[in-house]
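>
There are 2 protein chains.
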Amino acid sequence: MPHTLRQKIADLVLNGELKPGDRLDEHSLAERFGVSRTPVREAIRQLGASGLIEIRPRRSAVVRSFDRAELDEAFEAMGEIEALCAARAAVRMNEAERLRLRALIATSEDISARTDRSAALEMDFEFHGLLHDGARNWMLKTVAEETRLKITPYSAALFTMESYNADLDRPHRQHAGIAEAVLEGDAERASTLMREHIAQALISLQKFFDDTAARSDAPKVKDRSR
Amino acid sequence: MPHTLRQKIADLVLNGELKPGDRLDEHSLAERFGVSRTPVREAIRQLGASGLIEIRPRRSAVVRSFDRAELDEAFEAMGEIEALCAARAAVRMNEAERLRLRALIATSEDISARTDRSAALEMDFEFHGLLHDGARNWMLKTVAEETRLKITPYSAALFTMESYNADLDRPHRQHAGIAEAVLEGDAERASTLMREHIAQALISLQKFFDDTAARSDAPKVKDRSR
DNA sequence: GATTTAAAAATTGTATGCAATTTTTCTTTA
DNA sequence: TAAAGAAAAATTGCATACAATTTTTAAATC
Chain F
1 MPHTLRQKIA DLVLNGELKP GDRLDEHSLA ERFGVSRTPV REAIRQLGAS GLIEIRPRRS
61 AVVRSFDRAE LDEAFEAMGE IEALCAARAA VRMNEAERLR LRALIATSED ISARTDRSAA
121 LEMDFEFHGL LHDGARNWML KTVAEETRLK ITPYSAALFT MESYNADLDR PHRQHAGIAE
181 AVLEGDAERA STLMREHIAQ ALISLQKFFD DTAARSDAPK VKDRSR
Chain B
1 MPHTLRQKIA DLVLNGELKP GDRLDEHSLA ERFGVSRTPV REAIRQLGAS GLIEIRPRRS
61 AVVRSFDRAE LDEAFEAMGE IEALCAARAA VRMNEAERLR LRALIATSED ISARTDRSAA
121 LEMDFEFHGL LHDGARNWML KTVAEETRLK ITPYSAALFT MESYNADLDR PHRQHAGIAE
181 AVLEGDAERA STLMREHIAQ ALISLQKFFD DTAARSDAPK VKDRSR
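Heads up: the protein sequence lines correspond to chains F and B, in order.
Residues 1 to 226 (my numbering) are what the first sequence spells out, left to right.
Residues 1 to 226 (my numbering) are what the second sequence spells out, left to right.
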């Protein structure tokens with residue numbers, strides 16, 4: 001897959017090299033990827049439109065950051081969208097997809113047992129992606145993945161942080177529960193469990209936030225003013 | 001409000017000057033708005049990321065077009081999202097917003113009676129926008145408006161077409177019904193009525209499609225190939 | 001007359017340069 | 001030492017130029 005410049009820059013954010021609030025310098029990005037500023041600017045604008053980064057006229061673009069209230073809203077919205085995908089997927093997934101879902105949960109079981117945080121993060125992506133596809137609705141999938149993209153810098157932090165080790169099994173069990181409901185074709189239950197799953201993720205993330213804030217580290221607040 | 005270049009170009013699409021499938025020529029757009037191609041390209045890329053136009057490497061960008069199946073999916077997704085907004089708005093709207101909603105319906109009554117199609121289109125935007133705000137969730141509002149944006153070239157066609165005159169009263173009555181449910185705080189009913197409202201819009205749009213297709217006009221198909 | 005081929009024109013993708021603005025650094029002052 | 005101000009550096013926004021590619025037009029062939 002020929003990684004586009006847009007994707008390369010997005011990856012800097014998604015893999016955590018650039019954190020929320022960090023500036024994106026056009027010149028150094030251009031140098032880094034061996035192109036001129038023009039295509040870099042275009043890529044940055046696109047990422048701005050998709051909400052991953054924030055564009056401020058005459059000022060450097062920065063990785064989009066959310067305060068707690070915004071994170072609450074983002075997760076509430078995502079919970080509903082993911083729940084919707086799960087409900088549709090429960091009714092519409094085909095046999096091949098159902099087999100893949102079953103396989104995914106089995107692999108996830110293993111990963112969870114090995115406490116492989118990096119693999120768990122990938123697994124999380126794949127699990128939700130499978131349901132987005134299974135919902136058989138291009139627009140819904142687009143909406144779900146765009147929403148997901150925006151908060152990825154935060155949800156990814158969950159899986160990478162040390163203190164989350166203990167909880168690594170919980171998302172797996174939740175995924176397994178959702179998968180079971182989906183495979184049984186129980187849209188209602190799949191939907192409810194998914195909502196709870198996302199709500200739980202938010203709680204973990206808030207805890208993470210409070211912890212890092214308490215550790216007197218950079219509060220990484222929004223700072224939209226000045 | 002200082003219309004940005006991006007907004008100006010978007011407006012060309014939203015007011016129907018550029019129709020789905022039409023090419024966006026960078027040079028002529030630059031000339032038209034008195035700037036160079038560079039900012040035009042940046043604007044086009046942003047609109048591409050938001051899904052209003054389609055970007056094809058080395059080929060002119062074109063206004064995004066949907067075939068019938070895609071339109072079905074888009075409206076299904078939008079129905080759910082709008083229903084969600086309505087449900088939340090029913091519970092969360094404040095007094096000021098409720099008053100504005102009531103006023104809006106009164107004005108809409110008048111517009112519908114006068115068969116003012118252009119005003120009806122604006123009214124439709126305002127009505128849904130009010131519910132997006134009333135849902136008190138920034139992310140949800142963003143998702144709703146992005147979804148709405150993508151299909152605007154199609155839904156706007158509904159209001160502008162002659163044959164729709166007879167049906168102009170129906171969306172108004174549906175809006176009134178939804179507003180009533182919202183004002184009573186009945187989330188469940190607001191949600192259901194909204195879903196029906198969007199489904200009805202799709203049916204009208206499909207009828208419109210079939211009519212224009214029958215009138216042997218340019219079929220305006222997707223033509224993603226070659 | 002329709003189809004293929006070749007040339008010309010138009011169009012996109014990117015680099016580069018410069019003015020406008022912001023950010024940083026350095027000085028001055030309280 | 002801290003705050004304020006001025007100068008310097010860095011950075012963004014935009015125009016322009018040119019190569020690469022696509023699209024259109026014209027010519028040639030069947």
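A virtual CB, placed ideally from N, CA and C, is assigned to each residue, including glycine.
List the residues of chain B whose Cβ lies closer than 8 Å to the Cβ of residue 13(F), in chain order.
Sequence index remark: in the first sequence, residue 13(F) carries index 13 (1-based). What residue 13(F) touches in chain B: nothing, since even the nearest Cβ is about 15 Å away.
> Quick one, which residues of the segment 46-59 of chain B are near chain F if we go by CB-CB under 8 Å, in chain order?
Flagged, chain order: 46, 47, 48, 49, 50 and 51.
> Give the single residue among 12(F), 111(F), 42(F) and 19(F) whose Cα lies nearest to the Cα of residue 32(F).
Here residue 32(F) is taken as the residue at index 32 of the first sequence, counted from 1. Answer by Cα proximity: 12(F).
> Let me see if you follow: with CB-CB separation under 8 Å, is residue 67(B) close to chain F or not?
Position 67 of the second sequence, counted from the start, is the residue given in the question as residue 67(B). It does not; no Cβ of chain F falls within 8 Å.
> How long is the line joining the alpha carbons of residue 93(F) and residue 179(F), rounded to whole angstroms?
Counted from its first residue, the first sequence places residue 93(F) at position 93. Counted from its first residue, the first sequence places residue 179(F) at position 179. Spanning the two alpha carbons is a distance of roughly 11 Å.
> In whole angstroms, what separates the C-alpha of residue 43(B) from that of residue 35(B)?
Reading the second sequence from its first residue, position 43 is the one you call residue 43(B). Reading the second sequence from its first residue, position 35 is the one you call residue 35(B). The straight-line gap from Cα to Cα measures roughly 12 Å.
> Give every residue of the same chain whose Cβ lies closer than 8 Å to the Cβ of residue 150(F), excluding the five residues on either side of it in the sequence, and list them in chain order.
Sequence index remark: in the first sequence, residue 150(F) carries index 150 (1-based). Contacts found: 50, 51, 52, 64 and 74.
> Which residues mark the beginning and the end of the alpha helix (DSSP H) in which residue 56(B) is found?
Position 56 of the second sequence, counted from the first residue, corresponds to residue 56(B). No alpha helix (DSSP H) holds residue 56(B); the beta strand (DSSP E) holding it covers 53-56.
> Quick one: Cα of residue 158(B) to Cα of residue 208(F), how far?
Stepping through the second sequence from its first residue, residue 158(B) is reached at position 158. Stepping through the first sequence from its first residue, residue 208(F) is reached at position 208. Each residue's alpha carbon lies about 49 Å from the other.
> Taking Cβ positions, are residue 121(B) and residue 104(B) nearer each other than 8 Å?
Working through the second sequence from its first residue, we reach residue 121(B) at position 121. Working through the second sequence from its first residue, we reach residue 104(B) at position 104. Their beta carbons are not under 8 Å apart, which means residue 121(B) does not touch residue 104(B) by this criterion.
> Looking only at its chain, what residues have a beta carbon closer than 8 Å to the beta carbon of residue 146(B), apart from the 5 residues adjacent to it on each side?
Numbered from its first residue, the second sequence carries residue 146(B) at position 146. 50 and 51, listed in sequence order.
> Short of 7 Å Cβ to Cβ, which residues in the segment 120-140 of chain B face chain F?
Going along the segment 120-140 of chain B in chain order, one finds 137, 138, 139 and 140 with a Cβ nearer than 7 Å to chain F.
> How is residue 112(B) classed by DSSP in three states: helix, strand or coil?
As a working note, residue 112(B) is residue 112 in the second sequence. It is helical.
> Whether or not the segment 169-186 of chain B and the segment 177-193 of chain F are in contact is what I'm after, with contact meaning three or more pairs of Cβ atoms, one per stretch, closer than 8 Å; do they touch?
Segments in contact, no.
> Please confirm whether residue 176(F) has its beta-carbon closer than 8 Å to some beta-carbon of chain B.
Mapped onto the first sequence, residue 176(F) falls at position 176. It does not; no Cβ of chain B falls within 8 Å.
> What residues in its chain sit with their C-beta under 7 Å from that of residue 17(B), if we drop five residues either side in the sequence?
In the second sequence, counting from the first residue as 1, residue 17(B) sits at position 17. Result list for residue 17(B): empty, nothing under 7 Å.
> Which residues of the segment 82-93 of chain B have a Cβ closer than 7 Å to any Cβ of chain F? Give them in chain order.
For the segment 82-93 of chain B, which is checked against every Cβ of chain F, the residues closer than 7 Å are 84.
> Under a CB-based cut-off of 8 Å, is residue 152(B) close to chain F?
As a working note, residue 152(B) is residue 152 in the second sequence. Chain F, which has no Cβ nearer than 8 Å to the Cβ of residue 152(B), makes this no.
> Helix, strand or coil: how does DSSP classify residue 204(B) here?
Taking the second sequence and counting its residues from 1, the one referred to as residue 204(B) is at position 204. Note: residue 204(B) maps to helix in three-state DSSP.
> Please classify residue 81(F): is it buried, with 16 or more other beta-carbons within 10 angstroms of its beta-carbon, or exposed?
To locate residue 81(F), count along the first sequence from 1; it is residue 81. Its Cβ being crowded by 16 or more others within 10 Å, residue 81(F) is buried.
> If you draw a straight line from the alpha carbon of residue 135(B) to that of residue 160(B), how long is it in whole angstroms?
For the purposes of this step, residue 135(B) is taken as residue 135 along the second sequence, with counting starting at 1. For the purposes of this step, residue 160(B) is taken as residue 160 along the second sequence, with counting starting at 1. Looking at the two C-alpha atoms, the distance is approximately 29 Å.
> Which of helix, strand or coil does DSSP assign to residue 37(F)?
Along the first sequence, read from residue 1 onward, the residue named residue 37(F) stands at position 37. Of the three classes helix, strand and coil, the one that applies to residue 37(F) here is helix, per DSSP.
> Against chain F, with Cβ distances strictly below 8 Å, would residue 147(B) count as a contact?
Counting from 1 along the second sequence, the entry for residue 147(B) is found at position 147. Yes, its Cβ sits closer than 8 Å to a Cβ of chain F.
> May I ask which residues mark the beginning and end of the alpha helix (DSSP H) holding residue 86(F)?
Residue mapping note: residue 86(F) aligns to position 86 of the first sequence, counting from 1. Its alpha helix (DSSP H) spans residues 68-92.
> Considering only their Cβ atoms, is the gap separating residue 190(F) from residue 86(F) smaller than 8 Å?
Along the first sequence, read from residue 1 onward, the residue named residue 86(F) stands at position 86. Along the first sequence, read from residue 1 onward, the residue named residue 190(F) stands at position 190. Against a cut-off of 8 Å, the Cβ pair of residue 190(F) and residue 86(F) comes out as a contact.
> Hey, quick one: how far does the alpha helix (DSSP H) through residue 28(B) stretch, first residue to last?
The residue labelled residue 28(B) in the question sits at position 28 within the second sequence. Residue 28(B) -> alpha helix (DSSP H) spans 26-32.
> Can you tell me the Cβ-Cβ gap for residue 83(F) and residue 170(F), rounded? I've got them flagged as a contact below 8 Å.
As a first step, residue 83(F) must be located in the first sequence, where it is residue number 83. As a first step, residue 170(F) must be located in the first sequence, where it is residue number 170. So it is not a contact: roughly 18 Å between Cβ atoms.
> What distance in whole Å lies between the Cβ atoms of residue 77(B) and residue 143(F), which are believed to be in contact at a cut-off of 8 Å?
Start at 1 with the first residue of the first sequence, and residue 143(F) comes out as number 143. Start at 1 with the first residue of the second sequence, and residue 77(B) comes out as number 77. Confirmed, about 6 Å.
> Please state whether the Cβ-Cβ distance between residue 115(F) and residue 168(F) is less than 8 Å.
Indexing the first sequence from 1 puts residue 115(F) at position 115. Indexing the first sequence from 1 puts residue 168(F) at position 168. Yes, Cβ-Cβ distance for residue 115(F) and residue 168(F) is below 8 Å.
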